[in-house]
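First comes the structure, then the notes that go with it.
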Amino acid sequence: MPTYNLKAIGVVPGAKDFIDIVLSKTQRGTPTVVHNGWNIQRIRQFYMRKVKFTQQNWNEKLSSILDEFPKVEDIHPFYADLLNVLYDKDHYKLALGQLNTARNLVDRVAQDYIRLLKYGDSLYRCKELKRAALGRMCTLMKRQGPSLSYLEQVRGRAALWVGTGVSE
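In structure tokens, the structure reads:
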């Protein structure tokens, strides 16, 4: 039975903050200037890099949230019962499952748009494909707002449980 440090669970940002974090990291972490005179292959690579980078950021952030939160079956029965009474463990599992599904959907969106970018024939078309890909990823995450806020509530309360007397 693995032991979890409930105080070590990181803060779960809200949906809008999450989107801002990832998009600003993409803006800072990738080149920002593309020129119309460039070879089309170089333009495609430029936009594919942005889509891949954004997808990797979403994947890392969501994976860290999913890894930090313990599975109900793995925590001490006292804490599992407390979670069930205060927050309903089915709702907890559902929220984690929705984030896992969102992570997989973001990966699939990136894969689809990278495939489309490989056949982009102009700077404008590649730019619009990148914009559509990032927009769909952000829309997916915007819909995860209730799950993210619920998990933040659970995290805030779970950090207080550690002082509760449980003798192993």
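For the sequence shown, counting from 1, position 12 maps to 12 in UniProt numbering; every step adds exactly one.
We put the CB at the ideal spot given by N, CA and C, even for glycine.
Just so we're clear, the structure is a prediction, and the values are computed from it rather than from any experiment.
Legend entry - Cβ-Cβ distance between R103 and S63 below 8 Å: Here residue 103 is taken as the residue at index 103 of the sequence shown, counted from 1. Here residue 63 is taken as the residue at index 63 of the sequence shown, counted from 1. Yes, they are a contact pair.
Inset, instruction - Count the other C-beta atoms from every protein chain shown that fall within 10 angstroms of the C-beta of P70, then say buried if there are 16 or more, exposed otherwise. - result: Position 70 of the sequence shown holds residue 70. So P70 ends up on the buried side.
Legend entry - Whole-angstrom C-beta distance between M137 and N109, which should lie under 8 Å: Taking the sequence shown and counting its residues from 1, the one referred to as residue 109 is at position 109. Taking the sequence shown and counting its residues from 1, the one referred to as residue 137 is at position 137. The question names Asn, but residue 109 is Val in the sequence shown. The Cβ separation is near 6 Å, so the contact holds.
Legend entry - Residues of its chain near D107, where Cβ-Cβ distance is below 7 Å and the 5 sequence neighbours each way are ignored: Taking the first residue of the sequence shown as 1, we reach residue 107 at position 107. Hits under 7 Å: Q55 and N59.
Inset, instruction - In the DSSP assignment, find the unbroken alpha helix (DSSP H) run with D88 in it and report its ends. - result: Taking the first residue of the sequence shown as position 1, residue 88 is located at position 88. Run containing D88: none; DSSP gives neither H nor E here.
Legend entry - Candidates L116, L148, P77 and K52: closest to L94 by CA position: Here the question's residue 94 lines up with position 94 in the sequence shown. Relative to the Cα of L94, the nearest Cα in the group L116, L148, P77 and K52 belongs to L148.
Legend entry - Same chain, Cβ closer than 8 Å to T30, neighbours up to 5 away in sequence not counted: Walking along the sequence shown from the start, residue 30 turns up at place 30. Counting only Cβ-Cβ distances below 8 Å, and skipping sequence neighbours, we find R49, K50 and F53.
Legend entry - Local Cβ density within 10 Å of A8, reported as buried at 16 or more and exposed below that: The count along the sequence shown starts at 1 and reaches residue 8 at position 8. A8 is exposed by the Cβ-count criterion.
Legend entry - Three-way DSSP call (helix, strand, coil) for M1 in this model: For the purposes of this step, residue 1 is taken as the residue at position 1 of the sequence shown. Legend: pLDDT at M1 = 47, less than 50; position of this residue unreliable, value from coordinates given subsequently. Of the three classes helix, strand and coil, the one that applies to M1 here is coil, per DSSP.
Legend entry - C-alpha distance - Q111 paired with F78, whole-angstrom precision: Here residue 111 refers to the residue found at position 111 when the sequence shown is read from its first residue. Here residue 78 refers to the residue found at position 78 when the sequence shown is read from its first residue. Going from the Cα of Q111 to the Cα of F78 covers about 43 Å.
Legend entry - Buried/exposed call for Y150, threshold 16 Cβ in 10 Å: Within the sequence shown, residue 150 is the residue found at index 150, counting from 1. Looking at its Cβ environment, which holds 16 or more other Cβ atoms inside 10 Å, Y150 is buried.
Inset, instruction - Indicate whether at least one CB of chain B lies closer than 8 Å to the CB of T54. - result: As a matter of chain content, chain B is missing from the structure shown, which is built from one protein chain.
Inset, instruction - Return the chain-ordered list of same chain residues with a C-beta closer than 6 Å to the C-beta of E152, the five sequence neighbours on each side being excluded. - result: If you number the sequence shown from 1, residue 152 lands on position 152. For E152, where only same-chain residues beyond five positions count, the Cβ hits under 6 Å are V12.
Legend entry - Residue nearest to Y124 in terms of C-alpha spacing, selected from F46, L6 and L83: Your numbering for residue 124 matches position 124 in the sequence shown. Among F46, L6 and L83, the Cα nearest to that of Y124 is on F46.
Legend entry - Where L66 falls: helix, strand or coil (DSSP): For the purposes of this step, residue 66 is taken as the residue at position 66 of the sequence shown. In this structure, DSSP gives L66 a helical state, which the three-state scheme calls helix.
Inset, instruction - Determine the DSSP secondary structure at V11, reduced to helix, strand or coil. - result: Stepping through the sequence shown from its first residue, residue 11 is reached at position 11. In this structure, V11 counts as coil in the three-state DSSP scheme.
Inset, instruction - Report the rounded CA-to-CA distance for K118 versus Q144, giving the unit in angstroms. - result: If you number the sequence shown from 1, residue 118 lands on position 118. If you number the sequence shown from 1, residue 144 lands on position 144. Spanning the two alpha carbons is a distance of roughly 30 Å.
Inset, instruction - Return the first residue and the last residue of the alpha helix (DSSP H) that L160 is part of. - result: For this step, residue 160 is matched to residue 160 along the sequence shown. Counting along the chain, the unbroken alpha helix (DSSP H) around L160 starts and ends at G145 to W161.
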